[in-house]
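Visitor:
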Amino acid sequence: MIDINEMAQRTLSQLDCSVVYYCPDKFTELPAVSFYTLSERPCFGYDNMETEHNGTIQLDIWTKSPEEGGALAIKVNEIMSTDGWCREFSMDLPKSEGVYHKTMRYVKGF
0 MIDINEMAQR TLSQLDCSVV YYCPDKFTEL PAVSFYTLSE RPCFGYDNME TEHNGTIQLD
60 IWTKSPEEGG ALAIKVNEIM STDGWCREFS MDLPKSEGVY HKTMRYVKGF
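In terms of numbering that gives the first Met the number 0, the sequence shown opens at residue 0 and continues consecutively.
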């Protein structure tokens, strides 16, 4: 088993914005990207050892405008796809307290 949060952090560190685990404590430094492991599951093993597994992360984009969120989502998708992550899902969520929120889900085999 590996820490897929660490793998996601390494990939997302290429962004020119704040990248945090789970959720930003404050929404004063926007844009920001947050992420966490949604699920991990073994998919192949032998001799009582996992040799391959799949991991899914939930990723959220927090911005001051919908245009900024769309542009950041395109950049996120580019770097995640380049690193072998596959986007399963993406959607805009309702604006809250002046913050625009887009959520995305990615899966990768390790």
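In this text, a Cβ means the ideal position worked out from N, Cα and C, and glycines have one as well.
(1) By how many angstroms is the C-alpha of L11 removed from the C-alpha of V18?
(2) What are the boundary residues of the beta strand (DSSP E) that E87 is part of?
(3) On a Cα-Cα basis, can you pick out the residue from S38, D24 and C16 that is closest to I1?
(4) What residues in its chain sit with their C-beta under 8 Å from that of A72, if we drop five residues either side in the sequence?
(5) For the beta strand (DSSP E) holding T10, just list the boundary residues, first then last.
(6) Could you spell out the range, first to last residue, of the alpha helix (DSSP H) harbouring M103?
(7) Checking 8 Å against the spacing of the C-beta atoms, do Q106 and G69 come in under that value?
(8) Considering S80, what are the terminal residues of the alpha helix (DSSP H) in which it resides?
(9) What does a CB cutoff of less than 7 Å around Y21 pick up in its chain, not counting 5 residues either side in sequence?
(10) Using CA coordinates, which residue listed in E87, W84 and K63 is at the minimum distance from T27?
(11) What separation, rounded to the nearest whole angstrom, lies between the Cα atoms of E66 and E5?
Guide: The relevant details are as follows:
(1) 7 Å
(2) C85 to S95
(3) S38
(4) I60, S89, K101 and M103
(5) No beta strand (DSSP E) holds T10; the alpha helix (DSSP H) holding it covers I3 to L11.
(6) That residue, M103, is in no alpha helix (DSSP H); its beta strand (DSSP E) goes V98 to G108.
(7) For clarity, residue 106 is Val in the given sequence; the question names Gln instead. Not a contact, by the Cβ cut-off of 8 Å.
(8) P65 to T81
(9) S33 and Y35
(10) K63
(11) 29 Å
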